[in-house]
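Participant:
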Amino acid sequence: MTNFRLDGKIALVTGASYGIGFAMASALASAGATIVFNDINQELVDKGLADYKAAGITAHGYVCNVTDEAAVIEMEKKIKADVGIVDILVNNAGIIKRAPMLEMSVEDFRTVIDIDLNGPFIMAKSFIPSMIEKGHGKIINICSMTSELGRETIAGYASAKGGLKMLTKNICAEFGDRNIQCNGIGPGYIATPQTAPLREKTPEGNPHPFDTFIVNKTPAARWGTPEDLAGPAIFLASDASNFVNGHILYVDGGMLATIGKVPS
107 MTNFRLDGKI
117 ALVTGASYGI
127 GFAMASALAS
137 AGATIVFNDI
147 NQELVDKGLA
157 DYKAAGITAH
167 GYVCNVTDEA
177 AVIEMEKKIK
187 ADVGIVDILV
197 NNAGIIKRAP
207 MLEMSVEDFR
217 TVIDIDLNGP
227 FIMAKSFIPS
237 MIEKGHGKII
247 NICSMTSELG
257 RETIAGYASA
267 KGGLKMLTKN
277 ICAEFGDRNI
287 QCNGIGPGYI
297 ATPQTAPLRE
307 KTPEGNPHPF
317 DTFIVNKTPA
327 ARWGTPEDLA
337 GPAIFLASDA
347 SNFVNGHILY
357 VDGGMLATIG
367 KVPS
């Protein structure tokens, strides 16, 4: 179906030098989009450019801190001059800091909120005017299951992702009549290098307890992969989703649908 194609579209994926961001950007490229990405320093941008090139993807990389409004505004101008007006913005850049709430510093809490919530706000605010000028736009915010559920040690992350869910809905409410669709993707537990320690065997050769917990809690009985996010990203970036707005698409193997299995 041609309405899933992204030919002629420019997609900006933040923090897409590696991991989930790289996988989603690669998926958008496979559907025909021109890929633009940013990261926090030149080393990461250079790594991303090399990996995209190795994958046969021509990408445009920029150094930019998404929490710095002046830097984001300057990046928007550079992208417009170098590549064109961004049609698709994927707010993927984010961090997590794990600590029990009573042990978490206010500084760490603010840092997570700044990157995971203020960053998407600044990016959207900076790129929406050009989308309005062009007559259409797609914004995809990378939310989380913690947009819905809390868990110990991630007070900052859950707060930010819950806020990002509501920012998604508010952008829909404010700009839907300008032909801008803002939706979210809420990944479940995804097998990436960042989560690899949680899937390692114990010294006795048994599954890691957290690995067992996730597999038992997920109806699909496995961790997700970055590739599991490809289809949802293409759908929400394409004309196929033109009447989908303010929605969070959870890609979690069914985890949010159940309270889990009774231990045997």
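Quick note on my numbering: the sequence shown kicks off at 107 and runs consecutively.
Just so you know, even glycine gets a beta-carbon here, dropped at the ideal spot from N, CA and C.
Since this is a predicted model, take the numbers as computed values, not measurements.
Would you check if the distance between the CB atom of Gly225 and the CB atom of Asn247 is smaller than 8 Å?
Facilitator: Against the sequence shown, residue 225 aligns to sequence position 119. Against the sequence shown, residue 247 aligns to sequence position 141. Cβ distance not < 8 Å, so Gly225 and Asn247 don't count as in contact.
Participant: Quick check on Ala160: buried or exposed, where buried means 16 or more other Cβ atoms within 10 Å of its Cβ?
Facilitator: Locating residue 160 in the sequence shown gives position 54, counting from the first residue. So Ala160 counts as exposed.
Participant: Quick check on the burial criterion: 16 or more other C-beta atoms within 10 angstroms. Buried or exposed for Phe143?
Facilitator: To locate residue 143, count along the sequence shown from 1; it is residue 37. Looking at its Cβ environment, which holds 16 or more other Cβ atoms inside 10 Å, Phe143 is buried.
Participant: Using DSSP bridges, identify the partner residues of Thr120.
Facilitator: Walking along the sequence shown from the start, residue 120 turns up at place 14. Paired residue(s): Asn144.
Participant: Report yes or no: do three or more beta-carbon pairs, one from the region 344-354 and one from the region 270-286, lie closer than 8 Å?
Facilitator: Contact between the region 344-354 and the region 270-286 is present, because at least three Cβ pairs lie under 8 Å.
Participant: Can you list, in chain order, the residues of its chain with a C-beta nearer than 8 Å to that of Ile126? Leave out the 5 residues immediately preceding and following it.
Facilitator: Translated into positions along the sequence shown, residue 126 becomes position 20. Around Ile126: Asn198, Ile248, Pro293, Ile296, Thr298, Pro332, Leu335.
Participant: Would you mind working out which of Gly241, Tyr263, Ile340, Ile146 sits nearest Thr140, comparing C-alpha positions?
Facilitator: Residue 140 sits at position 34 when you count from the first residue of the sequence shown. Here the closest residue by C-alpha is Ile340.
Participant: Does DSSP put Val350 in a helix, a strand or coil?
Facilitator: As a working mapping, residue 350 is identified with position 244 in the sequence shown. Reduced to three states, the DSSP call for Val350 is coil.
Participant: Would the region 358-370 and the region 249-262 be scored as touching if the rule is three or more Cβ pairs under 8 Å?
Facilitator: Touching, per the Cβ criterion.
Participant: Under 7 Å Cβ to Cβ from Ser132, same chain only, skipping five residues before and after it: list those, please.
Facilitator: Here residue 132 refers to the residue found at position 26 when the sequence shown is read from its first residue. Hits under 7 Å: Ala161, Ile163.
Participant: Below 8 Å, how does it come out for the region 112-128 and the region 145-158: are there three or more Cβ pairs, yes or no?
Facilitator: Judged by Cβ distances under 8 Å, the region 112-128 makes contact with the region 145-158, as three or more pairs qualify.
Participant: Taking DSSP as the reference, what is the three-state secondary structure of Leu342?
Facilitator: On the sequence shown, residue 342 is found 236 positions in, with the first residue counted as 1. It is helical.
Participant: Which partner residues of Asn198 appear in the DSSP bridge assignment?
Facilitator: Working through the sequence shown from its first residue, we reach residue 198 at position 92. Paired residues: none, contrary to the question.
Participant: Should Lys244 and Asp193 be called a contact, given that it needs their Cβ atoms to be closer than 8 Å?
Facilitator: Sequence index remark: in the sequence shown, residue 244 carries index 138 (1-based). Sequence index remark: in the sequence shown, residue 193 carries index 87 (1-based). Yes, Cβ-Cβ distance for Lys244 and Asp193 is below 8 Å.
Participant: I'd like the ranges of any beta strand (DSSP E) spanning at least 3 consecutive residues and lying wholly in the region 253-309.
Facilitator: Complete beta strand (DSSP E) runs here, min 3: 286-293.
Participant: Going by DSSP in three states, Leu335 sits in which element: helix, strand or coil?
Facilitator: Within the sequence shown, residue 335 is the residue found at index 229, counting from 1. It is helical.
Participant: Is the separation between the beta-carbon of Met229 and that of Thr120 shorter than 8 Å?
Facilitator: Within the sequence shown, the letter at position 123 stands for residue 229. Within the sequence shown, the letter at position 14 stands for residue 120. It is a contact, given that the beta carbons lie within the stated cut-off.
Participant: What's the call for Leu134, buried or exposed, on a 16-neighbour Cβ count within 10 Å?
Facilitator: As a position in the sequence shown, residue 134 is number 28, starting the count at 1. So Leu134 ends up on the buried side.
Participant: Within a Cβ cutoff of 7 Å, which residues of the same chain sit near Ile219, ignoring the five residues on either side of it in sequence?
Facilitator: The count along the sequence shown starts at 1 and reaches residue 219 at position 113. For Ile219, where only same-chain residues beyond five positions count, the Cβ hits under 7 Å are Gly262, Ser265, Ala266.
Participant: Buried or exposed: which applies to Asn171, given that a residue is buried once 16 or more other Cβ atoms fall within 10 Å of its Cβ?
Facilitator: Numbered from its first residue, the sequence shown carries residue 171 at position 65. So Asn171 ends up on the buried side.
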